[in-house]
Amino acid sequence: MDIIENLAHWSSTFQNGWLAHYQQTGKIDWKLYVRPKNKSAPAGPGLDLSKSRLMLISTAGGYLAGSQAPFDAANDLGDYSIRLFPSSTPFEALAYAHTHYDHQAVETDPQVLLPLRHLEDLVSEGLIGQLAPSVVSFNGYQPDVARVLDEIIPPILEVAQAEKVDAVLLVPA
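Following the numbering used here, the numbering of the sequence shown begins with 1351 at its first residue and continues without gaps.
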């Protein structure tokens, strides 16, 4: 099953509509943006989380403030890179570069977008087998779905395979 049905059609619509308008005017017009639509959701078999290694993936644009470059949140075309940081990272060590959401909630309680301590509690209770060593973070603003598929998903899959992940929890910003 394709992650995005009719990706070639979507890409053509994107390039000839939203992107062409942006390239010609330098302005974003979300009325021209056509969201991809699937008739069926990509899915796999269910699994027992109590016997699984879970990886947290966040689109909050979080990064290690002292040692990682922030995401290029000012780029109108998006930043298609990822950042990894240890699941045990203290929240005080993180910063958030994503500029397309109000940061008040995450600054008040980082667990609204990075529920790491809650997940650790679920591991302690035996509801989740274990957490993956790394959190995957990326900036959730990417208008080009084809680039997400080509530039974000492959490195996430590499990390998930290297860390022997059984399941992921994606927390969108």
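Even glycine gets a Cβ: it sits at the ideal position worked out from N, Cα and C.
Please read these numbers as outputs of a predicted model, since none were measured by experiment.
Under the three-state DSSP convention, the category V1384 falls into: Sequence index remark: in the sequence shown, residue 1384 carries index 34 (1-based). Reduced to three states, the DSSP call for V1384 is coil.
Where H1450 falls, given that 16 or more other Cβ within 10 Å makes a residue buried: To locate residue 1450, count along the sequence shown from 1; it is residue 100. Around the Cβ of H1450, a 10 Å sphere holds fewer than 16 other Cβ atoms; the residue is exposed.
Touching by the beta-carbon criterion (3+ pairs, under 8 Å), the stretch 1351–1371 and the stretch 1431–1449: No, the stretch 1351–1371 is not in contact with the stretch 1431–1449.
Nonlocal neighbours in the same chain, by C-beta distance under 6 Å from V1515, ignoring five residues either side: Residue mapping note: residue 1515 aligns to position 165 of the sequence shown, counting from 1. Around V1515: R1403, M1405 and A1482.
P1386 and V1495 closer than 8 Å at C-beta: Here residue 1386 refers to the residue found at position 36 of the sequence shown. Here residue 1495 refers to the residue found at position 145 of the sequence shown. A contact, by the Cβ cut-off of 8 Å.
Three-way DSSP call (helix, strand, coil) for Q1418 in this model: As a first step, residue 1418 must be located in the sequence shown, where it is residue number 68. If DSSP states are grouped into helix, strand and coil, Q1418 belongs with coil.
Other residues of its chain near T1363: CB distance less than 7 Å, five sequence neighbours each side excluded: For the purposes of this step, residue 1363 is identified with residue 13 of the sequence shown, where counting begins at 1. Listed in chain order, the non-local C-beta contacts of T1363 below 7 Å within the same chain comprise V1384, local neighbours out to five positions each way being set aside.
Length-filtered (3 minimum) beta strand (DSSP E) runs lying within the stretch 1422–1494: 1432–1436, 1444–1446 and 1484–1488
Under 8 Å between C-beta atoms of D1426 and I1503: If you number the sequence shown from 1, residue 1426 lands on position 76. If you number the sequence shown from 1, residue 1503 lands on position 153. Not a contact, by the Cβ cut-off of 8 Å.
DSSP beta-bridge partners of V1521: Taking the first residue of the sequence shown as position 1, residue 1521 is located at position 171. Partner(s): S1408.
Check whether S1437 and S1487 have beta carbons under 8 Å apart: Here residue 1437 is taken as the residue at index 87 of the sequence shown, counted from 1. Here residue 1487 is taken as the residue at index 137 of the sequence shown, counted from 1. No; because the gap between Cβ atoms is not below 8 Å, this pair is not in contact.
CA-to-CA distance, Q1374 to S1431, given in whole angstroms: Indexing the sequence shown from 1 puts residue 1431 at position 81. Indexing the sequence shown from 1 puts residue 1374 at position 24. Those two C-alpha atoms are separated by around 26 Å.
N1388, buried or exposed, once every other Cβ within 10 Å from all chains shown has been counted against 16: Reading the sequence shown from its first residue, position 38 is the one you call residue 1388. Exposed: under 16 other Cβ atoms inside 10 Å.
Inter-residue Cα distance where the pair is A1517 and F1435: Within the sequence shown, the letter at position 167 stands for residue 1517. Within the sequence shown, the letter at position 85 stands for residue 1435. Going from the Cα of A1517 to the Cα of F1435 covers about 18 Å.
First and last residue of the uninterrupted alpha helix (DSSP H) at V1509: As a working note, residue 1509 is residue 159 in the sequence shown. First-last of the alpha helix (DSSP H) with V1509: I1503 to A1512.
Cβ neighbours of V1473 in the same chain (closer than 7 Å, five flanking residues each side left out): The residue given as residue 1473 occupies position 123 in the sequence shown. Only Q1480 and L1481 meet the Cβ criterion.
Limits of the unbroken alpha helix (DSSP H) element including A1358: Residue mapping note: residue 1358 aligns to position 8 of the sequence shown, counting from 1. First-last of the alpha helix (DSSP H) with A1358: L1357 to F1364.
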